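Read top to bottom, the protein sequences are chains H and B.
Take the first sequence: its position 9, counted from the start at 1, is 10 in our numbering, and no numbers get skipped.
Take the second sequence: its position 19, counted from the start at 1, is 20 in our numbering, and no numbers get skipped.
Idealized CB from N, CA, C, for every residue including glycine.
Here the structure is a predicted model, which means the values were calculated and not measured.
Accompanying notes for the structure given below.
Number of protein chains: 2
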Amino acid sequence: MTRLTLAIDAMGGDFGPCVTVPASLQALESNPHLHLLLVGDPDTITSLLAKADSAIRERLQIIAAESVIASDARPSQAIRASRGSSMRIALEQVKSGQAQACISAGNTGALMGLAKLLLKPLDGIDRPALMTVLPHQQHGKTVVLDLGANVDSDSAMLVQFAVMGAVMAEEILAIDRPRVALLNIGQEETKGLSSIREAAAVLRASPELNYIGYLEGNDLLTGKTDVLVCDGFVGNVTLKTMEGVVRMFLSLLKSQGEGKKKAWWLRLLGRWIQKRLAKKFGHLNPDQYNGACLLGLRGTVIKSHGAANQRAFTVAIQQAEQAVRRQVPERISARLQAVLPKSD
Amino acid sequence: MTRLTLAIDAMGGDFGPCVTVPASLQALESNPHLHLLLVGDPDTITSLLAKADSAIRERLQIIAAESVIASDARPSQAIRASRGSSMRIALEQVKSGQAQACISAGNTGALMGLAKLLLKPLDGIDRPALMTVLPHQQHGKTVVLDLGANVDSDSAMLVQFAVMGAVMAEEILAIDRPRVALLNIGQEETKGLSSIREAAAVLRASPELNYIGYLEGNDLLTGKTDVLVCDGFVGNVTLKTMEGVVRMFLSLLKSQGEGKKKAWWLRLLGRWIQKRLAKKFGHLNPDQYNGACLLGLRGTVIKSHGAANQRAFTVAIQQAEQAVRRQVPERISARLQAVLPKSD
Numbered sequence: 002m003t004r005l006t007l008a009i010d011a012m013g014g015d016f017g018p019c020v021t022v023p024a025s026l027q028a029l030e031s032n033p034h035l036h037l038l039l040v041g042d043p044d045t046i047t048s049l050l051a052k053a054d055s056a057i058r059e060r061l062q063i064i065a066a067e068s069v070i071a072s073d074a075r076p077s078q079a080i081r082a083s084r085g086s087s088m089r090i091a092l093e094q095v096k097s098g099q100a101q102a103c104i105s106a107g108n109t110g111a112l113m114g115l116a117k118l119l120l121k122p123l124d125g126i127d128r129p130a131l132m133t134v135l136p137h138q139q140h141g142k143t144v145v146l147d148l149g150a151n152v153d154s155d156s157a158m159l160v161q162f163a164v165m166g167a168v169m170a171e172e173i174l175a176i177d178r179p180r181v182a183l184l185n186i187g188q189e190e191t192k193g194l195s196s197i198r199e200a201a202a203v204l205r206a207s208p209e210l211n212y213i214g215y216l217e218g219n220d221l222l223t224g225k226t227d228v229l230v231c232d233g234f235v236g237n238v239t240l241k242t243m244e245g246v247v248r249m250f251l252s253l254l255k256s257q258g259e260g261k262k263k264a265w266w267l268r269l270l271g272r273w274i275q276k277r278l279a280k281k282f283g284h285l286n287p288d289q290y291n292g293a294c295l296l297g298l299r300g301t302v303i304k305s306h307g308a309a310n311q312r313a314f315t316v317a318i319q320q321a322e323q324a325v326r327r328q329v330p331e332r333i334s335a336r337l338q339a340v341l342p343k344s345d
Numbered sequence: 002m003t004r005l006t007l008a009i010d011a012m013g014g015d016f017g018p019c020v021t022v023p024a025s026l027q028a029l030e031s032n033p034h035l036h037l038l039l040v041g042d043p044d045t046i047t048s049l050l051a052k053a054d055s056a057i058r059e060r061l062q063i064i065a066a067e068s069v070i071a072s073d074a075r076p077s078q079a080i081r082a083s084r085g086s087s088m089r090i091a092l093e094q095v096k097s098g099q100a101q102a103c104i105s106a107g108n109t110g111a112l113m114g115l116a117k118l119l120l121k122p123l124d125g126i127d128r129p130a131l132m133t134v135l136p137h138q139q140h141g142k143t144v145v146l147d148l149g150a151n152v153d154s155d156s157a158m159l160v161q162f163a164v165m166g167a168v169m170a171e172e173i174l175a176i177d178r179p180r181v182a183l184l185n186i187g188q189e190e191t192k193g194l195s196s197i198r199e200a201a202a203v204l205r206a207s208p209e210l211n212y213i214g215y216l217e218g219n220d221l222l223t224g225k226t227d228v229l230v231c232d233g234f235v236g237n238v239t240l241k242t243m244e245g246v247v248r249m250f251l252s253l254l255k256s257q258g259e260g261k262k263k264a265w266w267l268r269l270l271g272r273w274i275q276k277r278l279a280k281k282f283g284h285l286n287p288d289q290y291n292g293a294c295l296l297g298l299r300g301t302v303i304k305s306h307g308a309a310n311q312r313a314f315t316v317a318i319q320q321a322e323q324a325v326r327r328q329v330p331e332r333i334s335a336r337l338q339a340v341l342p343k344s345d
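This is how it looks when you write it as structure tokens:
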């Protein structure tokens, strides 16, 4: 395995370096070939590295950044004022070839705009899309996109998302002829928004894709499709709804073994039950699959949840490692040429 | 308590009379003041009434209908060809005053179109909205709308939904100055679709409403708001996503006590755990809160899930009883006059 260098926007996210630095150390520990460029305020980052093992510390380099893009900044303004920010400098490492991918938990709109500006979309892609891989009930996985990069997606964009999703399912999940579905409010052809119906017509006429039709929200985790395509607004709300419900269940399960007035054996039993259930539902825990991949660019960019904890941010770094190993942008580019309609 | 008569589209839904007839009998059993008009094929309905208690049978009347609107029919075509269908005749019972409300598990688009045509929207309402009351984590409840009556909702419609939702929270949930939020993909003012931002501006400027801002999908069940407003496409996908995840969890919990090779005491323990958890999570079971209310009409119409089982359809009938008792259309109408901007 060869050397792998990733750039981390150390200042992004709700907790900034307090999460990104320990997560970086954890990622370095678990992969001896990994090198990280931590972009941000050198003093803060250095103070958080105090206890790091020196062998691990050697594979980590700090790159100074003067500013941070606020998570509630308007993307257009943030991009204009982005020079010197940790997010921009991290992306520039990818552009210049110093790093092979960038990971940020910062402002989604700014990340997507800056990534598009600096790394450029692939030929045939109008706008990049945020994709994630969700675990499903059958213990397989589903590629879902767009998760919020584009609040308004027309039919052409939905078709591009479908192509990129299918490539991801083939390359990352090793699924042959992955099933592709559009998220809609009914399974009948006449249902839903016109953009979805138009995209369906194009997908049905594309023998290169294994298009299976519409799926509804309740099929998100059932494993009925390998790729689920929707616009960014719906995808974002859907993903967050799912996460909210899963987290609520997990927290209710956790409280299962608690309570003051219980006998010791009931408390012990409670804890045993809790452990068993955690094992059973653990693969659905949102922290396990943090990290949405910004697809359609000439480079790899991973967006972590703003609220990611250390474990979740480590998972995002590992997603970046995997995306680089699998040469995701190169493979999408190659497939796009074959599938997308020629513009000339 | 006075006599209450409801019209049931006995043929609608995935299971038709096999669910609607037993559910009707169950509803009649639990409320001695209830009378039901079952609209559909007399032979099928009669055969399913064979074992019914005669005292209950007396409060039930069959109204013959020649046809059924298919659940996958295009609403516009279905409405044109609706004369003589069970759904239309059931709605006509409300229009003529024979019934005080109508319940159907049939084609949502057709139900909404026919209801609008026959019962007419209230003054100030462009299009009716589907509303439901969801249980949340704090064991309170949240009013959510629109759930799919309008796939594309402009800002004026979102404002109307907010007003109707607030009235419902006051009247049905007895909440004083209910909090009203818009579902969006971020909490910052600049986020989301322009229709949502425009609606937010109007709501912020309405002292009659207790508008609290944007909420995201993960807050659907947290109880941070009493009323959650979104367009019909997003609402439908969100609700179904939530239901899908909840059902998955409940089914995983159910399988908890199963397994062939287990010792008898483990199996017993498993069943005990299952019972405890079912109690803990039971209030989130989608079957418990079936029945979306079509708001904004001069009459009460309840849409049941197409896939509702007997228990769920009974809940929908009980929702109709409650809506009639609370005089929902009258109260919405009164409040609309005060809150909505005058058109002239």
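**Prompt:** Over what stretch of residues does the alpha helix (DSSP H) that includes proline 76 (chain B) continue unbroken?
**Reply:** 76-81
**Asked** Which residues in chain B sit within 7 Å of arginine 75 (chain H), going by Cβ to Cβ distance?
**Response** Thr191
**Asked** Expressed to the nearest angstrom, what Euclidean distance is found between the alpha-carbon atoms of isoleucine 303 (chain B) and threonine 133 (chain B)?
**Response** 10 Å
**Prompt:** DSSP beta-bridge partners for glycine 303 (chain H)?
**Reply:** The displayed chain sequence assigns isoleucine, not glycine, to residue 303 (chain H). BP columns for isoleucine 303 (chain H) point to H:Ile104 and H:Cys294.
**Asked** When DSSP labels each residue in this structure, what does valine 95 (chain B) get in the three-state scheme?
**Response** helix
**Those runs of the beta strand (DSSP E) which lie wholly inside the region 172-256 of chain B and span at least 3 residues** = 180-184, 211-216 and 228-230
**Message:** Taking 8 Å as the threshold (beta carbon to beta carbon), is asparagine 219 (chain B) in contact with chain H?
**Reply:** yes
**Asked** Is there a Cβ from chain B that is less than 8 Å from the Cβ of leucine 194 (chain H)?
**Response** yes
**Asked** Got a sec: which bits of the region 159-184 of chain B sit with their beta carbon under 8 Å from any beta carbon on chain H, in order along the chain?
**Response** Leu184
**Message:** Tell me which residues of the region 233-251 of chain H have at least one Cβ-Cβ distance to chain B shorter than 8 Å, keeping chain order.
**Reply:** Gly233, Phe234, Val235, Asn237, Val238, Thr239, Leu240, Lys241, Thr242, Met243, Glu244, Gly245, Val246, Val247, Arg248, Met249 and Phe250
**Request:** State the Cα-Cα distance for the pair threonine 3 (chain B) and glutamate 190 (chain H), rounded to the nearest angstrom.
**Result:** 45 Å
**Asked** With DSSP run on the structure shown, which of helix, strand or coil describes proline 129 (chain B)?
**Response** coil
**Prompt:** Where arginine 336 (chain B) and valine 164 (chain B) are concerned, what is the direct C-alpha to C-alpha distance, given to the nearest angstrom?
**Reply:** 8 Å
**Request:** Grab me the residues of lysine 142 (chain H)'s own chain with a C-beta within less than 7 Å of its C-beta, minus the 5 sequence neighbours each way, in chain order.
**Result:** Val134, Leu135, Pro136 and Leu174
**Item:** Cross-chain neighbours of threonine 143 (chain B) in chain H, by beta carbon under 9 Å
**Value:** Ordered by position in chain H, no residue passes the 9 Å Cβ test against threonine 143 (chain B), which lies about 12 Å from the chain.
**Request:** Use the C-beta contact count for glycine 98 (chain B): other C-beta atoms within 10 angstroms, 16 or more gives buried, fewer gives exposed.
**Result:** exposed
**Inter-residue CB distance, leucine 107 (chain B) and serine 72 (chain B) (contact presumed, cutoff 8 Å)** = The amino acid occupying residue 107 (chain B) in the given sequence is glycine; leucine does not appear at that position. Confirmed, about 6 Å.
**Prompt:** Excluding sequence positions up to five away, which residues of its chain have a Cβ less than 6 Å from the Cβ of leucine 222 (chain B)?
**Reply:** His137 and Gln138
**Message:** Residues in the same chain with beta-carbon distance under 6 Å from serine 156 (chain B), minus the five sequence neighbours each way, listed in chain order, please.
**Reply:** Ser196, Glu199 and Ala200
**Prompt:** What in chain H is Cβ-close to glycine 149 (chain B), meaning under 8 Å?
**Reply:** Ile186
**Prompt:** Closest by CA to alanine 65 (chain B), which one among B:Val325, B:Ala11 and B:Leu118?
**Reply:** B:Ala11
**Asked** Under the DSSP definition of a beta bridge, which residues are partnered with serine 86 (chain B)?
**Response** B:Ser68
**Message:** Can you confirm whether glutamine 138 (chain B), when its beta carbon is compared against all beta carbons of chain H, has any partner nearer than 8 Å?
**Reply:** yes
**Prompt:** Using a C-beta to C-beta distance shorter than 8 Å, which residues of chain B count as neighbours of leucine 146 (chain H)?
**Reply:** None at all; the shortest Cβ gap to chain B is about 15 Å.
**Asked** Beta carbon of alanine 28 (chain B), beta carbon of threonine 315 (chain B): below 8 Å?
**Response** yes
**Asked** Could you give the residue range of the beta strand (DSSP E) that holds alanine 111 (chain H)?
**Response** Premise fails: alanine 111 (chain H) lies in the alpha helix (DSSP H), 109-120, not in any beta strand (DSSP E).
**Message:** Under DSSP, the beta strand (DSSP E) around aspartate 10 (chain H) begins and ends at which residues?
**Reply:** 5-10
**Prompt:** Would you call the CB atoms of alanine 293 (chain B) and leucine 131 (chain B) closer than 8 Å?
**Reply:** yes
**Request:** Check whether the Cβ of leucine 222 (chain H) lies closer than 8 Å to any Cβ atom in chain B.
**Result:** yes
**Request:** Put glutamine 62 (chain H) into one of helix, strand or coil per three-state DSSP.
**Result:** strand
**Message:** Pull the bridge partners of glycine 41 (chain H) from the DSSP assignment, please.
**Reply:** H:Ala65
**Prompt:** Do you know how far the Cα of asparagine 219 (chain H) is from the Cα of valine 144 (chain B)?
**Reply:** 20 Å
**Prompt:** Which word fits glycine 13 (chain H), buried or exposed, when buried means at least 16 other C-beta atoms lie within 10 angstroms of its C-beta?
**Reply:** buried
**aspartate 54 (chain H) versus alanine 202 (chain H): straight-line alpha-carbon distance, rounded** = 57 Å
**Per-residue contacts from aspartate 153 (chain B) into chain H (C-beta, under 8 Å)** = Leu194
**Item:** With 16 other Cβ atoms within 10 Å as the buried cut-off, status of alanine 100 (chain B)
**Value:** buried
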